[in-house]
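What follows is a short report on a single structure.
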Amino acid sequence: MKRYKTRFVYIIFTTIIFLAPFFNVTSIFAATDDNTKVDPEPDESAALEQAPTGLNVNSYFSILAPVKSDGVDGSPFNNNYATIDKASKKGVVVLSKGSRGTSGTSGLGGMYGAVWSDKNADNYIDITKKQTISFWLSFGSGKSENPVTNGEGMSLVLQNDPNKNSSNQSQALGAGYQGMGVLGYDKSYYTIGILGKEHLSSSEDIAKTAVQNSIALNFDAERNSLTNPMSPGAMAAGGPIILGFSTGTLRSDDYSLLGFDTIDNSDSFGGKISSSYPSYTELQKIKADRITALRAGNNTNGFGNIALTYPGNPLTYKAVKNNYSGGTFSKFDQATSTVQAMSQGTDLIDGRIGSDRIFWHHVTFTWNPALDVDGVATKDGMPVSGGTGATIDYKFNDKLLDGSMNPSSSLYKVSSEEIPVDPTQFNLTDGDTKVYWGLTGSNSNYTGVYSKMAIFESIPALATAEVSSKITDNSLPDDANTITDDASTTTVPDRTVSNNDNLTFNYHLTHDPESSHQNWNEILSSIQLPNKDVTFTEPGTITYHSDNGPDAVEKIPLEWLNEDPDTLKHNLAYSLGSFTDPENNPNQFTSADIDFTGTANNPTSDPITVEAQLAKFTGTNAIQSTSSPQFIINNTAEIEKKLELNVPNDLVFNDINYKVTDPFISRKADFSLDVTSLASPWVLEVSTTGLHLNGTGTRFNGELIFKNNSTEEPLVLNSTFQQIASNDKSYDTLTTDHLADNWNNDTGILLQPTSANNQAGKYTGKLTWNLVNGPGTTDSI
Numbered sequence: 005m006k007r008y009k010t011r012f013v014y015i016i017f018t019t020i021i022f023l024a025p026f027f028n029v030t031s032i033f034a035a036t037d038d039n040t041k042v043d044p045e046p047d048e049s050a051a052l053e054q055a056p057t058g059l060n061v062n063s064y065f066s067i068l069a070p071v072k073s074d075g076v077d078g079s080p081f082n083n084n085y086a087t088i089d090k091a092s093k094k095g096v097v098v099l100s101k102g103s104r105g106t107s108g109t110s111g112l113g114g115m116y117g118a119v120w121s122d123k124n125a126d127n128y129i130d131i132t133k134k135q136t137i138s139f140w141l142s143f144g145s146g147k148s149e150n151p152v153t154n155g156e157g158m159s160l161v162l163q164n165d166p167n168k169n170s171s172n173q174s175q176a177l178g179a180g181y182q183g184m185g186v187l188g189y190d191k192s193y194y195t196i197g198i199l200g201k202e203h204l205s206s207s208e209d210i211a212k213t214a215v216q217n218s219i220a221l222n223f224d225a226e227r228n229s230l231t232n233p234m235s236p237g238a239m240a241a242g243g244p245i246i247l248g249f250s251t252g253t254l255r256s257d258d259y260s261l262l263g264f265d266t267i268d269n270s271d272s273f274g275g276k277i278s279s280s281y282p283s284y285t286e287l288q289k290i291k292a293d294r295i296t297a298l299r300a301g302n303n304t305n306g307f308g309n310i311a312l313t314y315p316g317n318p319l320t321y322k323a324v325k326n327n328y329s330g331g332t333f334s335k336f337d338q339a340t341s342t343v344q345a346m347s348q349g350t351d352l353i354d355g356r357i358g359s360d361r362i363f364w365h366h367v368t369f370t371w372n373p374a375l376d377v378d379g380v381a382t383k384d385g386m387p388v389s390g391g392t393g394a395t396i397d398y399k400f401n402d403k404l405l406d407g408s409m410n411p412s413s414s415l416y417k418v419s420s421e422e423i424p425v426d427p428t429q430f431n432l433t434d435g436d437t438k439v440y441w442g443l444t445g446s447n448s449n450y451t452g453v454y455s456k457m458a459i460f461e462s463i464p465a466l467a468t469a470e471v472s473s474k475i476t477d478n479s480l481p482d483d484a485n486t487i488t489d490d491a492s493t494t495t496v497p498d499r500t501v502s503n504n505d506n507l508t509f510n511y512h513l514t515h516d517p518e519s520s521h522q523n524w525n526e527i528l529s530s531i532q533l534p535n536k537d538v539t540f541t542e543p544g545t546i547t548y549h550s551d552n553g554p555d556a557v558e559k560i561p562l563e564w565l566n567e568d569p570d571t572l573k574h575n576l577a578y579s580l581g582s583f584t585d586p587e588n589n590p591n592q593f594t595s596a597d598i599d600f601t602g603t604a605n606n607p608t609s610d611p612i613t614v615e616a617q618l619a620k621f622t623g624t625n626a627i628q629s630t631s632s633p634q635f636i637i638n639n640t641a642e643i644e645k646k647l648e649l650n651v652p653n654d655l656v657f658n659d660i661n662y663k664v665t666d667p668f669i670s671r672k673a674d675f676s677l678d679v680t681s682l683a684s685p686w687v688l689e690v691s692t693t694g695l696h697l698n699g700t701g702t703r704f705n706g707e708l709i710f711k712n713n714s715t716e717e718p719l720v721l722n723s724t725f726q727q728i729a730s731n732d733k734s735y736d737t738l739t740t741d742h743l744a745d746n747w748n749n750d751t752g753i754l755l756q757p758t759s760a761n762n763q764a765g766k767y768t769g770k771l772t773w774n775l776v777n778g779p780g781t782t783d784s785i
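Per this note's numbering: the sequence shown ends with 785, consecutive numbering throughout.
Pasting the structure below:
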């Protein structure tokens, strides 16, 4: 038996650099660590001045005097005080005027109002589609010593109320005060005299005075509970309305008992709520983890609560026992509370980040339609057996005032929830799937109350878009190179990259056809990049994507603004959307990716925290924003780099006879070839002078070759170093690539005969390995 033996030599390369310690960053904001509330401003001019510029919505909403359903009697809420503030030119909608800083405040207390979508302007919610709305809300400061002065709140309402004018514009309105313009009026009175007796409206009568066929997400800024030490609320400025008669000792006074948030002490966990309540089964499933999923009233801190109600459904209103013995309440043994779903205590008052007061709160609201068993939205929007019910979800304080993502500080906290809802409550008929939507609001009659104001950022009548951002560290492995604002999708350990790492900042823009009636038009991008900590040298790239054709690419020059050396502004060449627009979007581009690539730069000996940077995209009909994620740059001068090659001394090929006809001669035994690295991308090269008959200069008639796979052309090895493997990732933990594990009889290092006439004997040779630090370089370590 003849044996051919080839001897290999290898080199181990190692570089030692010290590793800088990691710092854990807990917050990028300075905030007080107590619960001290912000002192109120002397008037509302500061809030209006700070207001972000929103959409001009004059043509898409109606503000009309209310009408009531047939059979409703006795409600004093017969005006609509909502207005659009034209002086600020920011699209501010004032739902209820406050008295703070306003001269002649008589008549302002307790104001209320509503703005409703105008279906004639294609402004509606189609419950068979995912629909998204984003807007800003301003409630006021809320004095810490008397939280009721901030009253009352606002509601986002979806409704099919039959009260409308001949132009199909909604004229719905509920009660003011605790009713927030959407809930019903708890008309309560007490007969004084020989017939001394309390009188409460029935649940059915209260529900008739609410917005009918509705679902409301209530942003309740004042906790109206019988346990609050205050008298019942008057129905107009100046005192309670006197109804009925006044003869001798007989008299009746009309009150609103202001108890809609009172917890039913006899049913603290909502176990007695009727099983006929909308979405009862789904809410009971949630209740296993959240006792507040469904119960009467709420137990919040007095500065705000967000919950879902069904204002026009009598099951929403529940009589509770009055345990308060003082003041006018003592005349009543019970009062009316409301059943609230997924109640969550949230500060609906001016926030603070460090020493900066924030008057506005951003809200993103989404309607998610009912789905059938195949995951397709049902045709009428109604739930079906085996399918998935409809839900709404909201995010409150999800953005900072400049539009960047809010990492949530103690006095400007992000709140979010997903809530199952029952679309049968809309009482839609004849296949109709479109409902009105809008905002309602109201105030108390206390002195110094702030106006309840809103600004719209995106509405279904126009365009709805989504924007997200991420950073990709191209120097890390693909499964561990992504940084986002979402902990579930961030894969870079500790959000930490290394000095000189190659980073790509990506902004993904998507038009939402289900929530839009127009393309997203004339988009101006205003993107801040961390110039100080990342070196950008190449223009940015916009890649437009279409469902029906090829992509298009546009460049963004690196032309920094003089007034802001970190900001690039650029008008996108195309609109985004699926609606026909031959001039601005001929290829119907529905999304775009904007990318900037640069090199991480940390010349210091300590880690650098790179803060989130704003990216805002302002179209004529929608405004969206995001921010690049926060991350950390380590100084790699103090990181221990390691690069090591391990390969056996011997590689033995199968024996052959001199008449060999096989195209390749495979290895006789398994072979190992391992590269171990730490913070060191690498390239592996090899060279050889061939095989020779022992003791002679006779060369083997054949070549040593390398094949990555069985189909590619072989790489013939010679005396010049040639690359056979590489890895461009910079691992932050010691990592070994086992290069030969997947080699078989047709791949890896092989011997390729060029002639069958080889002299008998043993042939040996040498392979020289060269491990280079980093792809694209020629410097061996």
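For each residue, glycine too, the CB sits at the ideal point set by N, CA and C.
Given 8 Å, three or more beta-carbon pairs between the segment 390-406 and the segment 353-370: yes
Taking C-alpha atoms, which residue in Trp686, Ser723, Asp477 lies nearest to aspartate 741? Trp686
Count the C-beta pairs between the segment 454-465 and the segment 48-60 that are closer than 8 Å, then say yes if the count reaches three, no if not. yes
Does methionine 115 have its Cβ less than 8 Å from a Cβ in chain E? The structure shown contains no chain E; it holds only a single protein chain.
Aspartate 477, DSSP secondary structure in three states: strand
Looking at the strands, I want to know which residues DSSP matches up with serine 66. Trp120
How about alanine 345 and alanine 374: are their beta carbons less than 8 Å apart? no
Looking only at its own chain, which residues have a Cβ that is under 6 Å from the Cβ of aspartate 505, when we skip the five neighbours before and after it? Asp477, Ser479, Ala604
Buried or exposed, going by whether 16 or more other CB atoms sit within 10 Å of the CB of valine 377? exposed
Can you look up leucine 576 in the DSSP assignment and give me helix, strand or coil? coil
Ignore the nearest five residues each way along the sequence and tell me which others in threonine 382's own chain have a CB closer than 8 Å to its CB. Thr132, Pro373, Ala374, Leu375, Asp376, Val388, Gly391
Please report the Cβ distance between lysine 646 and threonine 680, rounded to the nearest whole angstrom; I am assuming they are in contact, meaning their Cβ atoms lie under 8 Å. 7 Å
Secondary structure at alanine 491, three-state DSSP: helix, strand or coil? coil
Quick check: the segment 87-102 against the segment 420-437, are there 3 or more CB pairs under 8 Å? no
Contact check, glutamine 592 vs threonine 613 under 8 Å by CB: the rounded distance? Going by Cβ atoms, the distance from glutamine 592 to threonine 613 rounds to 41 Å, so no, they are not a contact pair.
Give me the residue from Thr266, Arg299, Leu576 with the minimum Cα distance to lysine 276. Arg299
To the nearest whole angstrom, what separates the beta carbons of threonine 751 and lysine 711, a pair I think is in contact under 8 Å? 5 Å
Could you give the DSSP three-state label for asparagine 510: helix, strand or coil? strand
Which partner residues does phenylalanine 657 have in the DSSP bridge list? Arg671
Going by beta-carbon coordinates alone, are serine 192 and serine 205 separated by less than 8 Å? yes
Which residue from Asp126, Ala176, Ser530 puts its Cα closest to that of glutamine 216? Ala176
Pull up the CB-CB distance for serine 446 and glycine 183, whole angstroms please, since I reckon it's below 8 Å. 7 Å
Would leucine 562 and proline 543 qualify as a contact pair, given that the criterion is a beta-carbon distance under 8 Å? yes
I need the boundaries of the beta strand (DSSP E) containing isoleucine 753, first residue and last residue. 752-757
Local Cβ density within 10 Å of valine 496, reported as buried at 16 or more and exposed below that: buried
When the distance is taken between beta carbons, is isoleucine 636 closer than 8 Å to proline 607? no
Quick test of your reading: glycine 452 and arginine 104, contact by CB under 8 Å. State the CB separation rounded to the nearest angstrom. 5 Å
Using DSSP's beta-bridge definition, name the partner residues of methionine 115. DSSP, once it has assigned bridges, lists no residue as partnering methionine 115.
So is leucine 775 buried or exposed if we call it buried at 16+ other beta carbons inside 10 Å? buried
Considering only heavy atoms of the ligand MG, does any lie closer than 7 Å to the CB of threonine 584? For the ligand MG, the structure offers nothing, since it holds no ligand at all.
What first and last residue would you give for the beta strand (DSSP E) that runs through glycine 138? For clarity, residue 138 is serine in the given sequence; the question names glycine instead. Taken as a continuous stretch (DSSP letters only), the beta strand (DSSP E) holding serine 138 covers 135-142.
Given asparagine 169, which residues of its chain have a CB within under 8 Å of its CB, disregarding the five upstream and five downstream residues? Leu68, Gln175
When the Cα of threonine 87 is compared with those of Asn762, Thr693, Tyr116, which residue comes out closest? Tyr116
Does the beta-carbon distance from serine 73 to tyrosine 440 come in below 8 Å? no
Please determine if the segment 647-660 and the segment 519-537 are in contact, where contact requires at least 3 C-beta pairs separated by less than 8 Å. no
Assuming phenylalanine 143 and alanine 225 form a contact by the criterion Cβ under 8 Å, report the distance between their Cβ atoms to the nearest whole angstrom. 5 Å
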